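Mapping to the numbering used here: the sequence shown position 361 is 353, numbers consecutive.
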Amino acid sequence: MMRRRAAATAVACVSALCVAAYSQAANWRTFHANTQGFAISLPESWAAVSTFDQATLNKLSQEAGFASIASVSSTDSGVTVFASDKTAFMDAGAYRTNLTSLTAVLNDAVKSFRASKSTSDVTATTVVLPAGTAGVVTYRLGSGTGQTKANEFTFFRDGVVHVLNYAVPVARWGTYAATFKASAQTFEYEKGQDVSGLVLSARDLGKGFVRESFPAGASVIGATTLDLCNQTFPSEALRTSRLQVRFRYGKDYPVSNEVVAYASGGAAQALTEVKSAATACSATTITQIQGSSRVSFHTSSLNVAGLPAGAVAMTLHVTLLRAGKTLTQDGVAVYLVRGNVLSGIYAYASKELPLGKLTQIVVHAAERSAQKLGGVTLAA
């Protein structure tokens, strides 16, 4: 059962889960979760769910010992790999955390399990595996004949937690414990496509700009790409790698550039979703409540000379109402797609860079971005 995870992740060969090859162990298969940056191997006899759907979970819930697991997993939006041999069960996925060490993550997990009325016999330790040191929590879930026993292996790197959860009815623990550990030993981190050469440089924007890193800018886990006008973007689950940078101009950061690689078809889908969101946001002002603030968004299509072919460009007007005060901000956004890659350029006006001048800079930057992307198609 995965905890504390980010947005929903669909599981399919075109999105998150691809069976690539047999592992080195006989009769095992390796599954590549390419939207979550890891691979895991399981016995060939285990069936992997290619779409994490409620129907499959409902079927599992009818099997002895799995009612509790199916119930918890059905509400879990972060699962990327889900598999079962009808007797044992596993799921795996990743989430971003504010915790800063494996010890802190492990302690947090133990605290969560012990606070739950449905878990018991919670113990924790660490183990050194090929991918690095992992935290291991062992616990029991449920009660009576439906009680299960589980191992949760946790890996931590750069603010991202990967979790592997294995469970089986208590009576069969001795049969499966070695298999669970053997599977966890196959866990490995996988890098997404390298898009660093496709990101804009300071020179592409012009004199006075300095390129800097963007917080969590190199991960698709727990970091969004599309968030225009409070709309939903299913293509977020199809991202395989991203790199976002920001550009300092004086004391401000008025411009950023984000380049994202997707599984096959994902970039085109993302651009379609952007068009739809922009249309909705131009027809009416969309308002979102953020804590004690009210934020309103409105877009207008940007039609100026020099934009790359196929680009979706718009101006943005944002109004923030907080503590009785109203603040407004105007900006420009340009999205373009080549092959499996999307480049987004986002900019907000300031006294030093009023909207007219900023628009010229962004249009030129979009031209440079299109040249960098060229006809690129990264491997899905």
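Cβ coordinates follow ideal geometry from the N, Cα and C atoms, glycine included.
All values reported here derive from a predicted model rather than from experimental measurement.
For Glu228, the closest C-alpha among the options Ser256, Thr146, Pro207 and Val202 is that of Ser256. When the beta-carbon positions are compared, Gly127 and Thr146 come within less than 7 Å of each other.
Spatial neighbours of Arg88 in its own chain (CB-CB distance under 8 Å, excluding positions within 5 residues in sequence) are listed in chain order as Ala(-2), Gly151, Val152, Val153, Ala208, Ser211, Ile213, Gly214 and Ala215. Ranked by Cα distance from Gln139, the options Trp165, Val129, Val120 and Pro122 are led by Trp165. Within the region 186 to 271, the runs of beta strand (DSSP E) at least 3 residues long that lie entirely inside it are, in chain order, 201 to 205, 231 to 241 and 244 to 254.
Its chain contains Gly124 and Tyr181 as the residues whose beta carbon lies nearer than 8 Å to that of Arg149, once the 5 sequence neighbours on both sides are disregarded; these appear in chain order. Collapsing the DSSP output to three states places Glu144 in a strand. When the alpha-carbon of Thr232 is set against those of Thr27, Thr22 and Arg21, the nearest one is in Thr27. Around the beta carbon of Asp196, a 10 Å sphere encloses 16 or more other beta carbons of the protein chains shown; the residue is thus reported as buried. Take Leu345, set aside five residues on each side of it, and the residues of its chain with a beta-carbon closer than 6 Å to its own are Pro246, in chain order.
Less than 7 Å divides the Cβ of Glu250 from the Cβ of Gly336. CA-to-CA, the gap between Val160 and Ser110 works out to about 15 Å. Between Ser93 and Ala101, the alpha-carbon positions lie close to 13 Å from each other. Relative to Ala262, the option among Phe206, Gln223, Asp322 and Thr118 whose CA is nearest is Gln223. Straight across, the Cα-Cα distance linking Leu98 with Val114 is about 12 Å. In this chain, the beta strand (DSSP E) harbouring Gln321 covers Lys317 to Arg330. Within the region 73 to 111, the runs of beta strand (DSSP E) that reach at least 3 residues and sit entirely inside it are, in chain order, 81 to 88. Proximity of the region 287 to 298 to the region 352 to 364 meets the contact definition, three or more beta-carbon pairs being nearer than 8 Å. Rounded to the nearest angstrom, the gap between the Cα atoms of Ala116 and Thr130 is 6 Å. Residue burial is scored here from C-beta neighbours: Lys364 has at least 16 other C-beta atoms within 10 angstroms and is therefore classed as buried. By the 16-neighbour rule on beta-carbons within 10 angstroms, Gly184 is buried. Within its own chain, the residues whose Cβ lies closer than 8 Å to the Cβ of Ser284, once the five positions on either side in sequence are excluded, are Arg314 and Ala315, listed in chain order. The criterion of a C-beta distance shorter than 7 Å is not satisfied by Leu220 and Ala169. According to the DSSP assignment, Val304 belongs to no alpha helix (DSSP H) but to the beta strand (DSSP E) extending over Val304 to Arg314.
Glu180 sits in a strand when the DSSP states are folded into three classes. The shortest CA-to-CA distance from Ala25 to any of Trp38, Phe74 and Lys199 is the one to Phe74. With fewer than 16 other Cβ atoms from the protein chains shown falling within 10 Å of its own Cβ, Lys103 counts as exposed. Rounded to whole angstroms, Trp38 and Val119 show a C-alpha spacing of 25 Å.
Straight-line measurement puts the Cα of Phe179 at about 42 Å from the Cα of Val354.
Boundaries around Leu34 are those of the beta strand (DSSP E), Phe30 to Pro35, since no alpha helix (DSSP H) includes it. DSSP places Gly348 inside the alpha helix (DSSP H), whose first and last residues are Leu347 to Leu365. For Thr277, no beta strand (DSSP E) run applies, since DSSP gives it neither H nor E. Excluding sequence positions up to five before and after Phe201, its CB lies within less than 6 Å of the CB of Ala194, Phe239 and Tyr241, all in the same chain and listed in chain order. A check of alpha carbon separations from Ala325 across Val287, Glu144 and Val310 identifies Val310 as the nearest.
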